[in-house]
Amino acid sequence: MIFPIGDDNIKGKVKPIFTYVFIAVNIFIYFMFQSGLSMEQEGVFFDGYAANPCEITQWNSLHTLITSMFLHGSVTHLLGNMLYLWIFGDNIETTIGNFRYILFYLAGGVVAALSHVLIDGNAECIPMVGASGAISALIGAYLVMFPRSRIKMLFILSPRPFFIPAFLFIGFWIYQQFSGILGAPDSVAYWAHLGGLGFGVIMGFYFKTRYPKIEPVVQGHQKILYKTVKKNPQRFNNRFFNT
């Protein structure tokens, strides 16, 4: 098994505190309110806070577009999403700022949920939970803003991690989403992932024009350095970042 464990992080003036806040809130909600519930109790809990496509299309329970992204179906579902949030969220928050990051994250989750509801979800009234829609928006923005960054990978049988370009990792992730749509039906809301991804890509281009653009510069076997470039190429400040 191969899975990501990190990326090339940016050291900016803004600390990515809300990336960690979102992680903490998701973990807190799961272990304080969801774990230990019987199937019947969990069903009642999800009825109040999970996003049910049949309710949303009737303009009911619209608050669940937000609350559902803080619920998870299992520990593995939770941990997988939090790993990706930790990897892809901090660089974006450091770049666009804390408040804008909160709005972007929540808006990405709402757009993702609506994508599932409008394209695929109304066929069956199955409630939707999970942060993966919002995280997919982060992945889309990351692809545009940091395509030359590296994702640190770990092969479970080897203690030594290795790196692959972010655009390759995300490209394979996108391939997995389309494979899921074309494959046998399962419990994954792939259209939510793709809807969030598309929203993130659009916002990523906006962020690149609105805020300083972060470009990685690779020099031989040295660690990646980053350079902050303003719109006017004659006015820029160099910053150094660790990997």
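For the sequence shown, my numbering gives the first residue as -2, with consecutive numbering after it.
Glycine included, every Cβ here is placed at the ideal spot set by N, Cα and C.
Query - Met150 - DSSP class collapsed to helix/strand/coil - result: strand
Report task. Assess, as a yes-or-no matter, whether the segment 190 to 198 is touched by the segment 130 to 138 under the definition of 3 or more beta carbon pairs within less than 8 angstroms. Result -> yes
Query raised in the report: Beta carbon of Asp250, beta carbon of Ser184: below 8 angstroms?
Result: No answer is possible for residue 250: the residues shown for the chain start at -2 and end at 240.
Query raised in the report: Are Met150 and Ile24 closer than 8 angstroms when you measure CB to CB?
Result: no
Query raised in the report: Across which residues does DSSP place Ala48 in a beta bridge pair?
Result: Met125
**Report entry** Assumed close pair Leu62, Val107 - CB separation to whole angstroms, cut-off 8 angstroms
**Finding:** 5 angstroms
Query raised in the report: Who are the near neighbours of Met241 in its chain, counting only those whose CB is closer than 6 angstroms to its CB and skipping five residues on each side?
Result: In the structure displayed, the chain extends from -2 to 240; residue 241 sits before or after that span and is not available.
Report task. Would you decide whether Glu121 is buried or exposed? Buried here means 16 or more other CB atoms lie within 10 Å of its CB. Result -> exposed
Query raised in the report: Taking buried to mean at least 16 other C-beta atoms within 10 Å of its own C-beta, is Ile7 buried or exposed?
Result: buried
Report task. Count the C-beta pairs between the segment 8 to 17 and the segment 86 to 100 that are closer than 8 angstroms, then say yes if the count reaches three, no if not. Result -> yes
Query raised in the report: For the candidate residues Pro144, Ala21 and Ala186, whose alpha-carbon lies nearest to that of Ile167?
Result: Pro144
Query raised in the report: Based on Cα-Cα distance, which residue from Leu191, Ala109, Ile84 and Leu82 lies nearest to Val126?
Result: Ala109
Query raised in the report: Hey, how far is the Cα of His60 from the Cα of Ala163?
Result: 34 angstroms
**Report entry** Coil, strand or helix - Ile53 by DSSP
**Finding:** helix
Query raised in the report: I think Tyr139 touches Asn78, with their Cβ atoms under 8 angstroms apart; what is that distance to the nearest whole Å?
Result: At roughly 15 angstroms, the Cβ-Cβ gap does not stay under 8 angstroms, so Tyr139 and Asn78 are not in contact.
Query - Secondary structure of Ile14, DSSP reduced to three states - result: helix
Report task. Give the secondary structure of Ile20 by DSSP, where H, G and I count as helix, E and B as strand, and everything else as coil. Result -> helix
Query - For Arg207 and Lys10, the rounded distance between their alpha carbons - result: 17 angstroms
Requested in this report: Please determine, among Lys205, Met142 and Val114, the residue with the shortest C-alpha to C-alpha distance to Leu57.
Outcome: Going by the sequence as given, residue 57 is Asn instead of Leu. Per the Cα distances, Val114.
Requested in this report: With a threshold of 16 other CB atoms inside 10 Å of the CB of Met29, please say whether the residue is buried or exposed.
Outcome: exposed
Query raised in the report: Any idea what DSSP makes of Asp5, helix, strand or coil?
Result: coil
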